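Visitor: Starting off with a structure, shown below.
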Amino acid sequence: MTQEHNVTHAAGTALPSSSPMVRQTNLSLVLRHLRDHASQSRADIAETTGLHRATVSNLVSELLDRQLVREIGTEHVGAIGRPRRPLALHGAHVGALGLEINVDYISVHGSDLSGRVLVERRVGFDTIAAGPDRALRMLSQMALDAVEAMKRAEAVPAGLGVALPGLVDVARGVVTFAPNLGWRDLPLAARLSAALSPWSVPVSVDNDANLAAVAEHTSGVAAGTSHLVYLTGEVGVGGGIFVDGKLLRGADGFAGEVGHLPVDPGGALCGCGRYGCWETKVGLAALVRMAMPDQVYQPADLPVSDPEERATEIARGLAAGDPQMMDAVAQVGRWLGLGGSILANLFNPRVIVVGGYFATLAEWLLPHAQAELERLVVARSANHCRFIASDLGFGAASRGAASMVVNRLIDHPTMIMDPLPRLSPI
């Protein structure tokens with residue numbers, strides 16, 4: 001009888017004993033290590049991961065054959081000895097596609113396995129007026145257009161992720177409730193897969209704030225921070241929460257619906273059907289009503305109502321010292337700080353990263369928010385929680401959706417060992 005042995009990585013955790021599982025786990029370990037380091041030699045990888053040098057050599061040979069890693073020259077260590085050949089993550093032929101559909105726009109981000117951006121686009125779109133059927137047609141067409149652009153860069157997407165504002169059953173790819181879109185119980189992954197046929201790749205769906213938080217944790221201003229909260233700044237407000245370096249999902253995957261914290265029971269009606277939710281105080285629609293009362297924020301007014309253009313318009317007024325806009329931003333900033341203090345008291349994050357219009361207006365908004373946060377937060381330390389503005393713009397969620405695809409491919413590299421799907425002309 002053949003005896004099977006567990007493989008143990010550097011941290012001492014036993015890995016699965018099944019040979020195919022061991023191979024996949026070790027391939028993933030090497031890829032993740034190279035993702036987190038600009039370049040490493042085989043000896044460096046063996047030393048850091050705890051894998052035997054011969055094992056690393058075999059794994060690297062397979063990854064080189066599959067063009068998932070590449071050698072980047074040579075380096076000499078000391079005066080005597082064989083030169084080392086540093087390795088870097090490659091995968092230029094393997095693509096990851098992320099899309100975001102929000103109240104008044106759709107954005108696309110496509111990259112290859114190493115993070116090279118291949119396509120990035122955002123278009124104004126009135127999702128509410130369009131309804132789910134027409135929105136799905138638009139979403140699938142933008143996905144197919146992005147695939148063609150990525151093919152021209154000689155990379156074929158091996159997965160597609162979709163971000164949207166609402167509650168998502170991630171395991172089934174079903175939008176259970178998206179109040180700001182007016183969607184309920186929509187099997188988005190299945191319907192999008194059908195619309196994209198014959199292009200057959202995994203389609204996943206997740207909350208926009210969760211995916212934007214992934215992008216921030218991976219490549220944003222707080223990259224690598226183990227404890228962070230990310231806040232979207234759109235018509236609605238969502239949150240993505242990292243605790244101990246892991247995205248917090250909750251029992252049913254619905255954690256992070258911070259925009260519906262009840263902060264003012266006597267306040268305005270929210271899209272969720274309740275009154276006084278936090279997003280009725282700090283969402284872009286709330287700011288526009290206060291800062292520009294002679295204008296009504298209606299997505300049907302696109303492209304004028306595009307959130308980035310609205311935020312830029314308000315920024316120009318603030319820069320010119322418009323007193324009404326200054327007062328409106330101060331009010332929103334205080335409400336932002338109040339809600340932020342609740343999150344800080346609950347999760348004790350190191351930073352609260354704000355995106356969307358919050359980031360565009362950070363110069364005027366965050367001083368008020370930070371002052372309120374410090375007034376209300378209970379736990380204080382030398383490295384107390386602070387607000388910081390994202391630098392990923394309004395495309396953070398689509399970037400995060402692509403990052404999740406990349407993470408899944410790196411965690412399960414045998415998914416991309418076989419030839420990638422061939423696409424029929426659109």
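The sequence shown begins at 1 in UniProt numbering and counts up one residue at a time. The beta carbon of each residue, even a glycine, is placed where N, CA and C say it ideally should be. If you're wondering where the values come from, they're calculated on a predicted model, not measured in any experiment.
Pairs of beta-carbons, one from the segment 158-165 and one from the segment 397-412, closer than 8 Å: are there three or more?
Guide: They touch, by the three-pair rule.
Visitor: Quick check: valine 288 and leucine 336, are their CB atoms within less than 7 Å of each other?
Guide: What you label residue 288 is simply residue 288 of the sequence shown in a count that begins at 1. What you label residue 336 is simply residue 336 of the sequence shown in a count that begins at 1. Their beta carbons are not under 7 Å apart, which means valine 288 does not touch leucine 336 by this criterion.
Visitor: Can you give, in chain order, each stretch of the beta strand (DSSP E) that sits fully within the segment 209-285 and has at least 3 residues?
Guide: Those beta strand (DSSP E) runs which fall completely within the segment 209-285 and span 3+ residues are 228-231 and 239-243.
Visitor: If you pair each beta-carbon of the segment 183-190 with each one of the segment 368-380, do three or more pairs fall below 8 Å?
Guide: The segment 183-190 is not in contact with the segment 368-380.
Visitor: For the candidate residues Asp306, Ser204, Arg42 and Ala54, whose alpha-carbon lies nearest to that of isoleucine 72?
Guide: As a first step, residue 72 is located in the sequence shown; it is residue number 72 there, counting from the start. The option with the nearest alpha carbon to isoleucine 72 is Arg42.
Visitor: Are the Cβ atoms of proline 179 and cysteine 277 separated by less than 7 Å?
Guide: Here residue 179 refers to the residue found at position 179 of the sequence shown. Here residue 277 refers to the residue found at position 277 of the sequence shown. Going by C-beta atoms, proline 179 is not nearer than 7 Å to cysteine 277.
Visitor: Could you tell me if threonine 312 is buried or exposed, where buried requires 16 or more neighbouring beta carbons within 10 angstroms of its beta carbon?
Guide: As a first step, residue 312 must be located in the sequence shown, where it is residue number 312. The residue is exposed, with fewer than 16 neighbouring Cβ atoms inside 10 Å.
Visitor: Run through DSSP, which three-state label would isoleucine 72 get?
Guide: Reading the sequence shown from its first residue, position 72 is the one you call residue 72. Note: isoleucine 72 maps to coil in three-state DSSP.
Visitor: So, are the CB atoms of glycine 259 and glycine 238 less than 7 Å apart?
Guide: Along the sequence shown, read from residue 1 onward, the residue named residue 259 stands at position 259. Along the sequence shown, read from residue 1 onward, the residue named residue 238 stands at position 238. Yes, the pair counts as a contact, with Cβ atoms nearer than the cut-off.
Visitor: Taking all protein chains shown into account, decide if threonine 414 is buried (16 or more other Cβ within 10 angstroms of its Cβ) or exposed.
Guide: Within the sequence shown, the letter at position 414 stands for residue 414. Threonine 414 is exposed by the Cβ-count criterion.
Visitor: So what does threonine 157 bridge to, in DSSP terms?
Guide: Along the sequence shown, one-based indexing puts residue 157 at 157. The displayed chain sequence assigns proline, not threonine, to residue 157. Proline 157 pairs with Gly95.
Visitor: Grab me the residues of glutamine 332's own chain with a C-beta within less than 6 Å of its C-beta, minus the 5 sequence neighbours each way, in chain order.
Guide: On the sequence shown, residue 332 is found 332 positions in, with the first residue counted as 1. Note that residue 332 corresponds to valine in the displayed sequence, not to glutamine. So the qualifying residues of the chain are Val282 and Leu287.
Visitor: My output table needs one value for valine 353: the three-state DSSP class, helix, strand or coil.
Guide: Here residue 353 refers to the residue found at position 353 when the sequence shown is read from its first residue. Strand at valine 353.
Visitor: Apart from the five residues on each side of it in sequence, which residues of its chain come closer than 6 Å, Cβ to Cβ, to tryptophan 364?
Guide: Position 364 of the sequence shown holds residue 364. Cβ within range, chain order: Leu318 and Val329.
Visitor: Looking only at its chain, what residues have a beta carbon closer than 7 Å to the beta carbon of alanine 255, apart from the 5 residues adjacent to it on each side?
Guide: Residue 255 sits at position 255 when you count from the first residue of the sequence shown. Cβ neighbours of alanine 255 beyond the five flanking positions: Ile241, Leu248 and Arg249.
Visitor: Alpha carbon to alpha carbon, how far is arginine 380 from alanine 222?
Guide: Here residue 380 is taken as the residue at index 380 of the sequence shown, counted from 1. Here residue 222 is taken as the residue at index 222 of the sequence shown, counted from 1. The alpha-carbon atoms of arginine 380 and alanine 222 are separated by roughly 20 Å.
Visitor: Please state whether DSSP places arginine 334 in a helix, a strand or coil.
Guide: As a first step, residue 334 is located in the sequence shown; it is residue number 334 there, counting from the start. Arginine 334 falls in the helix class under three-state DSSP.
Visitor: Give, in chain order, every unbroken run of the beta strand (DSSP E) that is at least 3 residues long and sits entirely within the UniProt domain "HTH marR-type" (29-72).
Guide: Runs found: 69-71.
Visitor: Identify, in the order they occur along the chain, each residue of the same chain with its Cβ nearer than 6 Å to the Cβ of valine 205, setting aside the five sequence neighbours on each side.
Guide: If you number the sequence shown from 1, residue 205 lands on position 205. Contacts found: Val162, Val168, Gly173, Leu188 and Ala189.
Visitor: With burial defined as no fewer than 16 other Cβ atoms inside 10 Å of the residue's Cβ, what is the status of proline 323: buried or exposed?
Guide: The sequence position of residue 323 within the sequence shown is 323, counting from 1. Exposed: under 16 other Cβ atoms inside 10 Å.
Visitor: Below 8 Å on the Cβ atoms is my contact criterion, and I expect leucine 113 with leucine 68 to pass it. Report the Cβ-Cβ distance as a whole number of Å.
Guide: Counting from 1 along the sequence shown, the entry for residue 113 is found at position 113. Counting from 1 along the sequence shown, the entry for residue 68 is found at position 68. At roughly 7 Å, the Cβ-Cβ gap stays under 8 Å, so leucine 113 and leucine 68 are in contact.
Visitor: Alpha carbon to alpha carbon, what distance is there between leucine 284 and valine 304?
Guide: Residue numbering aside, residue 304 sits at position 304 when the sequence shown is read from its first letter. Residue numbering aside, residue 284 sits at position 284 when the sequence shown is read from its first letter. The predicted position of valine 304 is uncertain, since its pLDDT is 38 and thus under 50; a value taken from the coordinates is nonetheless stated next. Approximately 14 Å, taken between the alpha carbons.
Visitor: Skipping 5 residues on each side, what residues in its chain have a beta carbon closer than 7 Å to that of residue 437?
Guide: This structure gives no information on residue 437, because the portion of the chain shown stretches from 1 to 426.
Visitor: Assuming leucine 34 and alanine 92 make a contact with CB atoms under 8 Å, what is their CB distance in whole Å?
Guide: As a position in the sequence shown, residue 34 is number 34, starting the count at 1. As a position in the sequence shown, residue 92 is number 92, starting the count at 1. Not really, about 14 Å apart at Cβ, beyond 8 Å.
Visitor: List the whole-angstrom C-beta distance separating valine 201 from leucine 192, where the pair is believed to meet the contact cut-off of C-beta under 8 Å.
Guide: As a position in the sequence shown, residue 201 is number 201, starting the count at 1. As a position in the sequence shown, residue 192 is number 192, starting the count at 1. Valine 201 to leucine 192, Cβ: 11 Å. No contact.
Visitor: What would DSSP say about phenylalanine 347, mapped onto helix, strand or coil?
Guide: For this step, residue 347 is matched to residue 347 along the sequence shown. Looking at phenylalanine 347 - three-state DSSP - the assignment turns out to be helix.
Visitor: At what residues does the alpha helix (DSSP H) containing alanine 204 begin and finish?
Guide: Numbered from its first residue, the sequence shown carries residue 204 at position 204. Per the sequence shown, the amino acid found at residue 204 is serine instead of alanine. Segment 203-207 is the beta strand (DSSP E) holding serine 204; no alpha helix (DSSP H) there.
Visitor: Our contact map puts leucine 181 next to threonine 127 with C-beta atoms below 8 Å; I'd like the distance itself, whole angstroms only.
Guide: As a first step, residue 181 must be located in the sequence shown, where it is residue number 181. As a first step, residue 127 must be located in the sequence shown, where it is residue number 127. So it is a contact: roughly 6 Å between Cβ atoms.
Visitor: Anyone know if the C-beta pair for alanine 397 and leucine 211 falls short of 7 Å?
Guide: In the sequence shown, counting from the first residue as 1, residue 397 sits at position 397. In the sequence shown, counting from the first residue as 1, residue 211 sits at position 211. Going by C-beta atoms, alanine 397 is nearer than 7 Å to leucine 211.
Visitor: Between Gly253, Asn348 and Leu361, which lies nearest to alanine 171 when the distance is taken from Cα to Cα?
Guide: The residue you call residue 171 lines up with position 171 of the sequence shown. If we check each option's Cα against that of alanine 171, Gly253 comes out closest.
Visitor: Taking leucine 264 and glutamate 100 to be in contact with their CB atoms under 8 Å, please state how far apart those CB atoms are, rounded to whole angstroms.
Guide: Position 264 of the sequence shown holds residue 264. Position 100 of the sequence shown holds residue 100. Leucine is not the amino acid found at residue 264; the sequence shown has aspartate there. In fact, because the Cβ distance is near 29 Å, the residues do not count as touching under 8 Å.
Visitor: Could you check what DSSP says for glycine 173 in three-state terms: helix, strand or coil?
Guide: Residue 173 sits at position 173 when you count from the first residue of the sequence shown. Coil, per DSSP.
Visitor: Would you give the residue range spanned by the alpha helix (DSSP H) that tryptophan 364 belongs to?
Guide: For the purposes of this step, residue 364 is identified with residue 364 of the sequence shown, where counting begins at 1. Note, tryptophan 364: alpha helix (DSSP H), 362-376.
Visitor: For my contact list, aspartate 294 and aspartate 104 are in at a C-beta cut-off of 8 Å; report their separation, rounded to the angstrom.
Guide: Here residue 294 refers to the residue found at position 294 of the sequence shown. Here residue 104 refers to the residue found at position 104 of the sequence shown. Incorrect: roughly 20 Å between the Cβ atoms, too far for contact.
Visitor: From the DSSP output, in three-state form, read off alanine 194 for me.
Guide: By 1-based counting over the sequence shown, the position of residue 194 is 194. If DSSP states are grouped into helix, strand and coil, alanine 194 belongs with the helices.
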